[in-house]
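Encoded as structure tokens, the structure appears first; notes follow it.
2 protein chains.
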Amino acid sequence: MRFQAPESLSEQIAQHLGQRIVTGDLRPGERVQELKVASELNVSRGSVREALLILQRRHLVEIFPRRGAMVSKLTPDLVNSLYDIYIDLLCMLARKVLERWSGQELMGVMSQVNEVRLVIETLENPGADAAEKVIEAGFGVMQYAYGLVNNPFLEETLENFRPAISRTYFVALGHFRGELKQTDRFFNELAHAALEGDMPGLEGVIQRFGDHQRTQVLSILRAQGVA
Amino acid sequence: MRFQAPESLSEQIAQHLGQRIVTGDLRPGERVQELKVASELNVSRGSVREALLILQRRHLVEIFPRRGAMVSKLTPDLVNSLYDIYIDLLCMLARKVLERWSGQELMGVMSQVNEVRLVIETLENPGADAAEKVIEAGFGVMQYAYGLVNNPFLEETLENFRPAISRTYFVALGHFRGELKQTDRFFNELAHAALEGDMPGLEGVIQRFGDHQRTQVLSILRAQGVA
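As they're listed, the protein sequences go chains E and S.
The numbers in numbering that gives the first Met the number 0 rise by one with no breaks, and the one at position 161 of the first sequence is 160.
The numbers in numbering that gives the first Met the number 0 rise by one with no breaks, and the one at position 86 of the second sequence is 85.
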């Protein structure tokens, strides 16, 4: 059992606002007004400012000196840039796992992956809730990998991208039903490449799935008339 | 000419404290007390809290809920983790430059590199100031590469690591005189591999120089009895 200090107030506000941005309740490009948020949540303006700095680190808002904060835009260029670095960071994580571990030591990955696949199998009503569950289980595999690699900087960097990536999944929600099989296949291929210590294979699996997600998101943005 | 909004107060405080951490004036593991900093700089406690969040993003302080902030430690494990991700991110940047540009289009890199080499040649008294100048010129090459690659997430991630990397250079300061030739050779090899579009060569140059720096820093930490 692990006892954790409760999150700071600014972290709680950041999580609340972050969730609203990820699910699209706060729209890309929308202004986030400190005073309004402070009065809505009945917290100090200073706590909201701190929360905005945390959200900036998580790539969800942009802060302009003396002009305030805005929900990050979601243009095709930004989606491409986001997936470019995220896919590379995932490959880095995978490479570092395989540099240090092999064979039997990686059975834990398999059990994490099986959990994701179980979540996917038991989903009855794909929708917002389904997406959240699959995303959560998927990030569980990454958490496990963090423990194997033990690089706090890589973990922090990847975790800071997690909300922005989650936001793109939510954009793709309308198409999510068809995505489940694809996601299931991805995790299956991922686990097998890892167990076989097949680094080029593992990178290929990550690159293909990342590119597939990116393409989905871009086509939806295009349909929404953003592109 | 570009007009920029002046930095926010919290950014100015972050830069002031950041400089003290990078140069070792604030020691690894030392507590940073909000109230003390606020009274020293005659600013509000809220502004100091914001500055600490900015420094956390730049990997220079750690913040513990309800226990306050501490200058990040500089253990061998942390130095290794830092160089691991930094070298990989630099290779990512180099890869993305070569994916999009080649030959004549890369002559600008050459002129940036020549600036670094000129700085090195004209240094008369290697010391703290010399290190800062070389580091600054070296980061100028990266700035140029950012412009070629145009990925704001990669730029931001690399920039957030820059102060922590600079801090390790400062640790290596005692040995800096001997490092100048090595640094000069690195930038020369870097420019040639880039102009030839030789990606494996470029990755090798970055990896070797990064590993060399890492080894220097680790040996100094060991000598200081940290390891």
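We put the CB at the ideal spot given by N, CA and C, even for glycine.
Burial state of residue i, where buried means 16 or more other Cβ atoms lie within 10 Å
i, result
"N159/S", "buried"
"M91/S", "buried"
"P162/S", "buried"
"D233/E", "Residue coverage of chain E in this structure runs from 0 to 226, which leaves residue 233/E outside it and unanswerable."
"S165/E", "buried"
"M0/E", "Low confidence applies here, because M0/E scores a pLDDT of 43, under 50, leaving its location unreliable and the question unanswered by this model."
"S110/E", "exposed"
"D24/S", "exposed"
"N149/S", "exposed"
"S218/S", "exposed"
"S101/S", "exposed"
"E95/E", "Checking the displayed sequence, the identity of residue 95/E turns out to be Lys instead of Glu. K95/E comes out buried."
"A226/E", "For A226/E, the predicted structure reports a pLDDT of 49, less than 50, and the residue's modelled location is therefore unreliable. The matter cannot be settled from this model."
"H15/E", "exposed"
"R213/E", "buried"
"G224/E", "exposed"
"E98/E", "exposed"
"E202/E", "buried"
Reference residue i, options the options, closest by Cα
i, options, result
"R221/E", "T182/E, N41/E and V78/E", "V78/E"
"S46/S", "L157/S, I12/S and G224/S", "I12/S"
"V36/S", "G17/S, G209/S, A190/S and G203/S", "G17/S"
"V133/S", "N150/S, T182/S and S101/S", "T182/S"
"H117/S", "Q103/S, Q223/S, E195/S and E135/S", "For the record, residue 117/S in the displayed sequence is Leu; it is not His. That would be E135/S, whose Cα lies nearest to the Cα of L117/S."
"I119/E", "R48/E, T22/E and F185/E", "F185/E"
"L147/S", "L52/S, Q215/S, R207/S and V108/S", "V108/S"
"E10/S", "I62/E, H211/E, G209/E and S9/E", "I62/E"
"A93/E", "K72/E, E49/E and Y143/E", "Y143/E"
"T167/E", "A130/E, A193/E and G203/E", "A130/E"
"Y82/S", "G224/S, Q223/S and Q215/S", "Q215/S"
"P151/E", "A50/S, L40/S, Q55/S and V21/S", "Q55/S"
"S7/E", "D210/E, L153/E, I53/E and E39/E", "I53/E"
"G177/S", "Q32/S, L122/S and V140/S", "L122/S"
"L59/S", "G203/S, E29/S and I84/S", "E29/S"
"E104/S", "P75/S, L194/S, H211/S and V21/S", "L194/S"
"L153/S", "Y85/S, E202/S and E188/S", "Y85/S"
"P64/E", "E155/E, I205/E and L51/E", "L51/E"
"M106/S", "A192/S, P199/S, H211/S and D210/S", "A192/S"
Extent of the continuous beta strand (DSSP E) run through residue i
i, result
"V42/S", "Note, V42/S: premise wrong, no beta strand (DSSP E); not H, not E."
"A68/E", "G67 to V70"
"E61/S", "V60 to F63"
Residue i at chain E interface by Cβ criterion, 9 angstroms
i, result
"I219/S", "no"
"Q206/S", "no"
"R56/S", "yes"
"E10/S", "yes"
"P27/S", "no"
"M0/S", "Low local confidence applies: a pLDDT of 43 at M0/S is under 50, so the model's placement there is unreliable, and no value is given."
"L77/S", "yes"
"F138/S", "no"
CB contact below 9 angstroms: residue i versus chain S
i, result
"L179/E", "no"
"T167/E", "no"
"G45/E", "yes"
"A226/E", "Caution applies to A226/E, whose pLDDT of 49 falls short of 50 and renders its modelled position unreliable; the model cannot decide the point."
"E131/E", "no"
"K95/E", "yes"
"T214/E", "no"
"F186/E", "no"
Within chain S, partners of residue i - CB distance below 8 angstroms
i, result
"G203/E", "Simply none; closest approach about 16 angstroms."
"D210/E", "Within 8 angstroms Cβ-Cβ: nothing; D210/E doesn't reach chain S, min ~15 angstroms."
"L153/E", "S80, D83 and I84"
"T156/E", "I84 and T156"
Residues that residue i contacts on chain E, provided the C-beta gap is smaller than 8 angstroms
i, result
"N41/S", "Simply none; closest approach about 17 angstroms."
Limits of the alpha helix (DSSP H) - the one that residue i falls within
i, result
"E104/S", "Per DSSP, E104/S belongs to no alpha helix (DSSP H) and is neither H nor E."
"N159/S", "P151 to V170"
"G203/E", "M198 to A222"
"G17/S", "L8 to V21"
Partners in chain E for residue i, counting only beta-carbon separations shorter than 9 angstroms
i, result
"M91/S", "D83, I84, D87, L88 and M91"
Listed by chain order, chain S residues near residue i by CB distance under 7 angstroms
i, result
"I164/E", "By Cβ distance, chain S contributes nothing, its closest Cβ being about 11 angstroms from I164/E, past 7 angstroms."
"S7/E", "P64"
"N150/E", "S80, D83 and I84"
Interface partners of residue i on chain E, CB under 7 angstroms
i, result
"E49/S", "R48, E49 and L52"
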